[in-house]
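*Asks:* Take this structure, written in structure tokens, and hold onto it; I'll ask about it next.
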Amino acid sequence: AMGYFNGKFIHSSDLVLPIEERGHQFGDGVYEFIRVYKGRPFMMNQHMERFFKSADAIRLNIGKTAEDIIAIVEDLIERSGETNCDVYMQATRGIAPRNHLFPNVEASISMTVKPFKLISDDIRAVGATVKLLPDERWQHCWIKSLNLLPNILAKQEAFEAGALEAVLVRDGFITEGSSSNFFIVKNGEILTAPATTHILHGITRMAVKEIALDLGINLKEQKFTPHELLAADEAFLSSTGLEILPVTKVDGQKIGNGRPGMVTVTLYEEFLKRV
Ligand code: PMP
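Counted from 1, the sequence shown has number 133 at position 132 by the UniProt record's numbering; the numbering is strictly sequential.
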């Protein structure tokens, strides 16, 4: 796959990072993951806004404008020859001798582009299984930080239990998935955790809100418990990679009638029209 590192276009397997790079040593950086449909990055401006917000939140100066970044992404996509692909980008506090204090160096910016694989039709038709796990992350989950250890551990534990995603619970309420936002549907109304500091403000979540509004489906940003999830009519996940994915089983228990729900399917059909 193709990549980019600090001004150079490379192959993503090239060795380009010095050992003393702060993303590598400290996870001292932020990232974005953007899906490109038919050559066009989906909701790019929203991704850029979040990227710069995350960087500001950790006091990282990216040293480029959103327009600069978009130009690099477009160049990278063109060089890759891909049209349906994912772009991963990260900005870190740069290359400097290891020291917790901020160095006075430029940010490192790296990217990769890879063709995407859609979730299989089988999983989409049956709906995903998720596992509830404690949300052991920090207080700033809205920052798209490189530090993903609690997310990784939760996702792996869910996978080993036969689930596709871990759905996290903090103080008795569902926050989000380990790498996705989470929704339930009850009596025709969609519920999702409010966009506080305890969840990532997903771009696909934003798309779901827009679609619901356009279709006249009520969506409430309101916290809910695992108990409410188990009593819901439908549930679904949203993320750049999963798009909008029905959830039909939680810890071995069926949601609703155990099949993807009408609201979820309708939202997804509308989503596909927009990408
Ligand atoms: N929550 C978390 C913790 C995530 O890692 C992601 C995926 N980046 C999401 C939600 C979904 O965000 P988006 O729709 O922007 O991909």
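Backbone N, C-alpha and C define an ideal beta-carbon position, used for all residues, glycine too.
Please state whether the Cβ-Cβ distance between Arg51 and Lys132 is less than 8 Å.
*Replies:* In this structure, Arg51 keeps its C-beta atom at 8 Å or more from the C-beta atom of Lys132.
*Asks:* Considering only DSSP beta bridges, list what Pro227 is partnered with.
*Replies:* Partner(s): none; Pro227 has no beta bridge.
*Asks:* Express the C-alpha separation of Lys224 and Leu61 in angstroms, rounding to a whole number.
*Replies:* 31 Å
*Asks:* CB of residue 278 to nearest heavy atom of the ligand PMP: below 7 Å?
*Replies:* Only positions 2 to 276 of the chain appear in the structure, and residue 278 is not among them; the question remains open.
*Asks:* Any contact between the segment 245-263 and the segment 20-32? By contact I mean 3 or more CB pairs, one from each, below 8 Å.
*Replies:* no
*Asks:* Could you tell me if the beta carbon of Asn152 falls within a distance shorter than 7 Å of some heavy atom in the ligand PMP?
*Replies:* Yes, Cβ of Asn152 sits closer than 7 Å to a heavy atom of the ligand PMP.
*Asks:* When you compare only the Cα positions, how much space is there between Pro104 and Pro98?
*Replies:* 8 Å
*Asks:* Please name the residue or residues paired with Asp87 in a DSSP beta bridge.
*Replies:* Arg36, Lys115
*Asks:* When the Cα of Asp172 is compared with those of Glu158, Leu134, Glu190, Ala162, which residue comes out closest?
*Replies:* Leu134
*Asks:* Are the CB atoms of Thr226 and Arg206 nearer to each other than 8 Å?
*Replies:* no
*Asks:* Exposed or buried, which one is Met45 when buried takes at least 16 other CB atoms within 10 Å?
*Replies:* buried
*Asks:* On the DSSP bridge assignment, give the partners of Val186 in chain order.
*Replies:* Ile191, Glu235
*Asks:* Can you tell me the Cα-Cα spacing of Asn59 and Ile212, whole angstroms?
*Replies:* Correcting the residue type first, residue 59 is Ile in the shown sequence and not Asn. In this model, Ile59 and Ile212 are separated by some 32 Å (Cα to Cα).
*Asks:* Taking the CB atoms as reference points, tell me whether Asn182 and Gly203 lie closer together than 8 Å.
*Replies:* Contact: yes.
*Asks:* With respect to the beta strand (DSSP E) encompassing Ile245, which residues constitute its N-terminal and C-terminal limits?
*Replies:* Segment 244-251, the beta strand (DSSP E) holding Ile245.
*Asks:* Can you list, in chain order, the stretches of the alpha helix (DSSP H) that have 4 or more residues and sit fully within the segment 134-221?
*Replies:* Taking only runs of at least 4 residues, the alpha helix (DSSP H) segments lying wholly in the segment 134-221 are 150-161, 204-216.
*Asks:* If you draw a straight line from the alpha carbon of Ser180 to that of Asp15, how long is it in whole angstroms?
*Replies:* 27 Å
*Asks:* Shortest alpha-carbon distance to Asp215 belongs to which of Gly242, Leu77, Leu268?
*Replies:* Leu268
*Asks:* Ala72: buried (16+ other C-beta within 10 angstroms of its C-beta) or exposed?
*Replies:* exposed
*Asks:* From which residue to which residue does the alpha helix (DSSP H) around Met49 run?
*Replies:* 45-58
*Asks:* What residue does the alpha helix (DSSP H) around Ile124 start on, and which one ends it?
*Replies:* 122-127
*Asks:* Can you determine whether any heavy atom of the ligand ATP sits closer than 7 Å to the C-beta of Phe225, and answer yes or no?
*Replies:* For the structure depicted, the ligand ATP is absent and the ligand set comprises only the ligand PMP.
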